[in-house]
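Let me begin by presenting the structure, written as structure tokens, before commenting on it.
Numbering (the numbering used here), first residue to last: 2 to 110.
Here is the structure:
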């Protein structure tokens, strides 16, 4: 849906307050300052933001994601999404055969 022409500062507020969902958003302006200002205001409104046609993410070229009730904003199909499916672990290993199993703070030398 499109937002009727209103002062630039009120439009992001309208978008932010009127929907629980957010897939793709677009800001149509030729002014970089307005674009950046709107991006900041709409930071949590949509998964992807554009300054051109709002056809959605191009398969294989851009991530697909949704914000708010539309998803976890995890950028499906994009490499950072893999981090959600991994878990960091640490492994300690030694080749020295233990002589006892008491913790080091119990050493009674």
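Cβ coordinates follow ideal geometry from the N, Cα and C atoms, glycine included. Quick caveat, the model's predicted, so the values are computed rather than measured.
Between residue 49 and residue 29, the gap from beta carbon to beta carbon reaches 8 Å or more. Residue 34: member of the alpha helix (DSSP H) spanning 33-42, first to last residue. With 16 or more other Cβ atoms from the protein chains shown falling within 10 Å of its own Cβ, residue 39 counts as buried.
With fewer than 16 other Cβ atoms inside 10 Å of its own Cβ, residue 95 counts as exposed.
Pairing residue 46 with residue 37, the inter-Cα distance amounts to about 14 Å.
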